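What follows is one structure encoded as structure tokens, with my remarks underneath.
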Amino acid sequence: MSGLTIDGVDALRASSVPIASQVAGSVSSESFKSTHSKSQNAGKSMHHHFSVESQEFTGSALKKVANKVVPLPFIPLGTGRPSADLYPWEALSIRTTGPHTDTPANSQPRARTASASTSDVADVASESKSCGIANATAASAASHDLADGSGSDQISRGRRHPPDSITRYGGGYDLARGLNYSNAAGSQPLVRFFTEHVEIVHSPPYSNWETVVTCGSTSAMEMLMRMLCNRGETILTERYTYPGTIEVAALLGVKLRGISMDAGGIIPDELESALQSWNVTTDGPRPSVLYTIPSGQNPTGATQTLARKRAIYTLAEKYDLLIIEDDPYYFLRVDTDASPTHDSAADPDDTQRAKTYLAKLTPSYLSIDYSGRVVRLDSTSKILAPGLRAGWITACSDIIAKFSSYTEVSTVSVSGPSQLMLWHLLEETWGHVGFFCWLDWLSRRYKRRLNALVDACERYLPRDLCSWTVPQCGMFLWVAIDLGKHSTFGCPLGTESATDATAMLERKRTQLAEIEGRVYASALRNGTQCTVGSLFDTMPKLDLSLHIRLTYAAADEQQFEKGVQGLADALREEFGDRYM
1 MSGLTIDGVD ALRASSVPIA SQVAGSVSSE SFKSTHSKSQ NAGKSMHHHF
51 SVESQEFTGS ALKKVANKVV PLPFIPLGTG RPSADLYPWE ALSIRTTGPH
101 TDTPANSQPR ARTASASTSD VADVASESKS CGIANATAAS AASHDLADGS
151 GSDQISRGRR HPPDSITRYG GGYDLARGLN YSNAAGSQPL VRFFTEHVEI
201 VHSPPYSNWE TVVTCGSTSA MEMLMRMLCN RGETILTERY TYPGTIEVAA
251 LLGVKLRGIS MDAGGIIPDE LESALQSWNV TTDGPRPSVL YTIPSGQNPT
301 GATQTLARKR AIYTLAEKYD LLIIEDDPYY FLRVDTDASP THDSAADPDD
351 TQRAKTYLAK LTPSYLSIDY SGRVVRLDST SKILAPGLRA GWITACSDII
401 AKFSSYTEVS TVSVSGPSQL MLWHLLEETW GHVGFFCWLD WLSRRYKRRL
451 NALVDACERY LPRDLCSWTV PQCGMFLWVA IDLGKHSTFG CPLGTESATD
501 ATAMLERKRT QLAEIEGRVY ASALRNGTQC TVGSLFDTMP KLDLSLHIRL
551 TYAAADEQQF EKGVQGLADA LREEFGDRYM
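Using the UniProt record's numbering, you'd call the opening residue of the sequence shown number 1 and step up by one each time.
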């Protein structure tokens with residue numbers, strides 16, 4: 001049997017697994033191989049070549065859960081992937097030259113135009129035109145106004161009227177520059193915009209800070225850990241934190257010590273207690289890095305006040321801690337009014353709207369950092385689109401220089417098309433005023449979504465079993481479930497000998513994992529995808545609590561009630577029908 005030929009591609013595709021519509025669904029080239037390829041003998045195992053670092057590494061547990069192919073349709077209340085309705089691009093057009101071998105500079109080779117809209121990807125009902133990037137942005141804002149039922153809730157169109165497309169040789173930042181190799185720090189136009197943005201929002205109170213572009217915060221965090229931590233050392237974090245950070249730390253041999261939290265985030269007294277009582281003999285070197293998600297914390301939704309940040313910063317000064325301020329949800333203020341603003345497209349009104357929005361932001365760690373010990377991570381994933389794989393980092397020049405060196409031999413730079421899209425949107429179309437107006441609009445949309453999810457939780461989740469705190473920022477609702485109400489969870493600890501107590505604790509951990517797994521599986525059978533709390537636990541051996549993280553970012557608002565009902569039914573199935 002011969003292998004695949006060009007002539008056989010169409011027939012192979014007709015018999016292959018169809019392309020799924022699920023966002024970031026599971027994918028394997030095994031699904032797209034020819035029968036001939038699959039009939040070959042398997043190669044030898046190469047596991048013995050894996051490094052010590054890679055042997056036990058299995059990747060992101062959160063992404064594996066989110067990307068799992070489920071045969072039945074479900075309502076996504078688990079993954080923090082923003083709905084395509086919340087992207088600022090309505091459509092993109094790409095004009096390419098046709099295949100050719102020798103095209104003189106003054107000739108015009110054959111061209112093809114391809115376009116894609118958010119409706120193509122997410123099956124969003126909207127009329128999308130094939131248009132240039134600039135017009136696509138304007139179309140997006142207009143469609144959002146119509147969806148809100150309010151034509152007055154408009155996003156600023158910026159100071160300029162940019163061309164309909166970015167051309168190969170357009171002068172300035174064109175395809176000739178944007179699609180070539182980029183400086184590790186990012187393109188000059190983007191670095192300029194983000195530097196101005198950082199100064200407008202945070203105004204760092206020391207001189208030698210710098211901002212560069214990143215390939216997103218997970219990539220940036222991995223490089224920072226390599227820069228700032230040695231194997232066997234410990235980073236301080238919130239008690240529950242982003243799984244990507246947990247897994248990167250495990251990969252690099254860095255331990256995490258979770259600090260107790262309340263509704264306002266890390267408790268300063270608990271942080272100081274951990275530092276004061278640190279035993280270098282048994283625990284290794286005292287931590288020099290604190291990693292925190294201070295706004296709309298993932299997964300708990302907690303937001304630190306300025307007073308809380310000042311208290312923690314004072315401890316950082318006292319114990320010489322670097323603070324990694326990972327703040328992707330900072331601009332998603334869901335403690336604002338959910339109703340649309342009523343302004344015109346006139347520049348003075350847009351400027352006032354931007355200033356009003358900025359005044360609501362809680363000062364960041366960066367804004368109170370006079371020593372240069374804060375490393376701030378910002379991301380486009382939650383406020384523009386996650387597929388851009390872009391963000392920006394701000395820190396003292398020493399750290400940024402080292403970070404750029406690591407970038408040069410790893411990610412190299414942010415994708416050229418992503419940088420072009422960001423520049424055209426932020427600099428050429430919106431400007432700073434338009435960007436802040438967008439963030440204000442986005443916050444109001446998320447507030448409306450939060451209200452809908454909380455209403456559904458109050459209506460369907462058993463309140464004598466479930467509790468939650470409504471967040472001020474972000475996109476997550478952290479639901480605590482009272483394990484004491486479970487009929488078979490086991491007898492209380494503390495009445496046995498030390499040996500028996502250890503065995504009992506291990507049995508209860510096993511039982512907790514089984515309960516959590518059954519609730520998740522039952523909810524999924526009911527058509528609801530949620531995220532289990534154990535994925536976020538920095539110290540699972542000490543934890544005997546049950547949590548579910550819900551998000552109001554991904555599903556349609558009209559699906560929230562049905563989704564929460566699916567979770568409520570799963571809880572009643574596990575805990576008993578008395579919890580109605």
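The beta carbon of each residue, even a glycine, is placed where N, CA and C say it ideally should be.
Model, not experiment: these values are computed from the prediction.
Taking TRP423 as reference, the option from ALA316, LEU190, THR362 with the minimal CA-CA separation is LEU190. Membership of TRP441 in the alpha helix (DSSP H) is indicated by the continuous run 431–460. TRP478 has ARG549 as its beta-bridge partners, per DSSP.
DSSP places PRO18 outside both helix and strand once states are collapsed to three, so it counts as coil. Across the structure, SER364 and LEU426 are spaced so that their CA atoms are roughly 22 Å apart.
Annotation: TRP209 to PHE403 spans about 13 Å, alpha carbon to alpha carbon. With respect to the 7 Å criterion, CYS473 and ARG333 are classified as neighbours on the basis of their beta carbons.
About 6 Å separates the Cβ atoms of TYR240 and ASP537, confirming a contact at the 8 Å cut-off.
Judged by their CB atoms, PHE560 and ALA385 are not nearer to each other than the 7 Å cut-off. Under the three-state reduction of DSSP output, ARG376 falls in the strand class.
Residue pairing by DSSP places THR292 opposite GLU325 in a beta bridge. VAL248 is not a Cβ neighbour of MET223, given a cutoff of 7 Å. In the three-state reduction of the DSSP assignment, ILE266 falls in the strand class, which pools E and B. Its chain contains PHE194, THR195, VAL198, TRP392, THR394 as the residues whose beta carbon lies nearer than 6 Å to that of THR211, once the 5 sequence neighbours on both sides are disregarded; these appear in chain order. Counting along the chain, the unbroken beta strand (DSSP E) around GLU210 starts and ends at 209–214. Of ILE235, ARG192, GLY216, PRO471, the smallest CA-CA separation from PRO285 is found for ILE235.
At least 7 Å separates the beta-carbon of ALA523 from that of ALA480. Of all alpha-carbon atoms in CYS229, ALA553, ALA11, the one lying nearest the alpha-carbon of LYS447 is that of ALA553. Considering only ILE266, GLN419, SER443, ASP269, the residue with the shortest C-alpha distance to TYR330 is SER443.
Looking from the CA of SER34, the closest CA among HIS48, SER2, VAL52, ALA42 belongs to SER2.
Across the set ARG373, THR351, VAL414, PRO299, the C-alpha of THR351 shows the shortest separation from the C-alpha of GLY431. In this structure the region 290–304 lies against the region 316–325, because at least three pairs of beta carbons, one per stretch, are closer than 8 Å. Annotation for ILE393: no alpha helix (DSSP H) segment contains it, though the beta strand (DSSP E) segment containing it runs 391–396. Secondary structure of SER219 (DSSP, three-state): helix. By the CB criterion at 7 Å, THR531 and ARG509 fall outside the cutoff. The continuous beta strand (DSSP E) containing ILE235 extends over residues 234–238.
Beta-bridge pairing by DSSP links ILE368 to no other residue.
With contacts defined as CB atoms closer than 7 Å, GLY178 and LEU420 qualify as a contacting pair.
Out of SER277, SER15, ARG449, the CA that lies nearest to the CA of SER83 is found in ARG449. DSSP places GLY416 in the uninterrupted alpha helix (DSSP H) bounded by 416–422.
Assignment of ASP569 by DSSP, reduced to helix, strand and coil, places it in the helix class. According to DSSP, residue pairing for GLY258 in a beta bridge involves THR237.
Here the alpha carbon of LYS44 sits roughly 21 Å from the alpha carbon of GLU53. Taking SER187 as the centre and dropping the five residues before and after it, the same chain places the C-beta of GLN419 closer than 6 Å to its C-beta, in chain order. For LEU461 against SER545, the beta-carbon gap comes to about 17 Å, at or over 8 Å, which does not count as contact.
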